[in-house]
Amino acid sequence: MEEPENYKKGRGAQINTKNRFLKNQHVQEHVEGIDDWTERQEPTQYLEQEAKSLVNKVTSPDVGMWYSMNPYMGCEHGCIYCYARNAHEYWGYSAGLDFERKIIVKTNAPQLLRKFLMDPKWEGMPISLSGNTDCYQPAEQKYRLTRSLLEVCNSFNQPVGLISKNGGMVRDKDILKELANKKLVSVMVTITSLNEDLRRVMEPRTTTSMQRLRLVQELSQEGIPVGVMMGPMIPGLNDHEMQRIMLAAKEHGATSTGYTFVRLNGSVKLLFHDWLYKNFPDRADKVWHMIEQGHGGQVNDTRFGVRMHGEGDIAGIIAQQYRKYGKLYGMNAEERDLDTTSFRRPGAQGRLFD
């Protein structure tokens, strides 16, 4: 697959979309002169911040989590389909290139979590890492915030769920094993394609699919419960890979799988459209129309209970495949009961909620 001329290698988004909250913004009207700065390959910036809060209550009933925490905002992985891109507009940035190269780092995240868990009203409900951006994105190598958050969780016996597509998680398998021994952790590794040509343009700064499968294997061998999230499934691009991914997941020790149907909310619609027609001009129209068919004629859907898996014939075929191969390989979603009864504040005597 050949990249278009002037393609920004290593980035998913190829443009900066308009921020709906800003009145005045930079735009490019010409390809020469003073506008050349918009074409430069800018390095990733880490914007350190003393945050005021960390743990958020999740109000959406169909995302499978009650609470979440995000030590990083923005994500260098650059996955073109990422629903979290729109959140970057709240910080004054674009959901496009800015989302990938301006990473907000909550340097005081561990302290905020400890303070939150010390609240007498908190009863140890599971918290997910992360609700939006990947907690093992490249910034984690420098800041180690995810590692520190896991250490805080371990000291409180606080149950935690992890989802990532970065093989760097293997660094923390020691503390994940400690948490697993106490039934305090559940891990999902996202694998959307085994085709490296597709992965490189769709998720440009993520680890390879084989590295992720090796991560699944290493965690499984340590007794850490791990599943594979095949999300999103994009008709005409990766939906035909579902069986292969599920089989590979099983062979590497995963015990469950999940999937979502792609939906393009807010600015992600423009970004994905631009990316799709630049990278797959031969089938872009077909892919776009199939996404629309999965959401009642739109590419986005806000209806709880429908938006995650879509509707109609295309979405129905994908759902049927998931059920069929999940039954064949014993790999459909499973409920993982994390222990919420052993939560305790350091120094407390006995259980907190007897």
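In the UniProt record's numbering, the protein residues as written are 1 to 354.
Virtual Cβ for every residue (Gly too), placed ideally from N, Cα, C.
All values derive from a computational prediction rather than experimental measurement.
Annotation for residue 290: 235, 236 and 314 place their beta carbon closer than 7 angstroms to its own, counting only its chain and skipping 5 residues before and after. Per DSSP, reduced to three states, the secondary structure at residue 116 is helical. When DSSP states are grouped into helix, strand and coil, residue 211 belongs to the helix group.
In the displayed model, residue 190 falls within a strand according to three-state DSSP. Judged by their CB atoms, residue 258 and residue 227 are nearer to each other than the 8 angstroms cut-off. For the pair residue 271 and residue 299, the CB atoms are not nearer than the 8 angstroms cut-off.
Scanning its chain for C-beta atoms nearer than 6 angstroms, with the 5 sequence neighbours on each side dropped, one finds around residue 293 the residues 312 and 314, in chain order. Spanning the alpha carbons of residue 12 and residue 107 requires a straight line of approximately 26 angstroms. Note: residue 155 is not bridge-paired with any residue in the DSSP secondary-structure output. Relative to the Cα of residue 73, the nearest Cα in the group 193, 20, 134 and 126 belongs to 134. If only complete runs of 3 or more residues are kept, the stretch 255–326 shows the beta strand (DSSP E) at 257–261, in order along the chain. For the 8 angstroms CB-CB criterion, residue 202 and residue 163 do not form a contact. When rounded, the separation of the alpha-carbon atoms in residue 225 and residue 181 is 10 angstroms. Taking C-beta atoms as the reference points, residue 322 and residue 242 count as a pair closer than 8 angstroms.
Separation of residue 192 and residue 80 (C-alpha to C-alpha, rounded to the nearest whole angstrom) is 12 angstroms. Listed as beta-bridge partners of residue 178 by DSSP are no residues whatsoever. The beta carbons of residue 42 and residue 205 sit no closer together than 8 angstroms. Residue pairing from DSSP leaves residue 131 without any beta-bridge partner.
Within its own chain, the residues whose Cβ lies closer than 7 angstroms to the Cβ of residue 212, once the five positions on either side in sequence are excluded, are 165, 167, 189 and 191, listed in chain order. Closest in alpha carbon position to residue 240, among 306, 317 and 209, is 317. For residue 49, the closest alpha carbon among the candidates 14, 70, 117 and 57 is that of 70. In this structure, the beta-carbon distance from residue 58 to residue 65 falls below 8 angstroms. With contacts defined as CB atoms closer than 8 angstroms, residue 19 and residue 89 qualify as a contacting pair.
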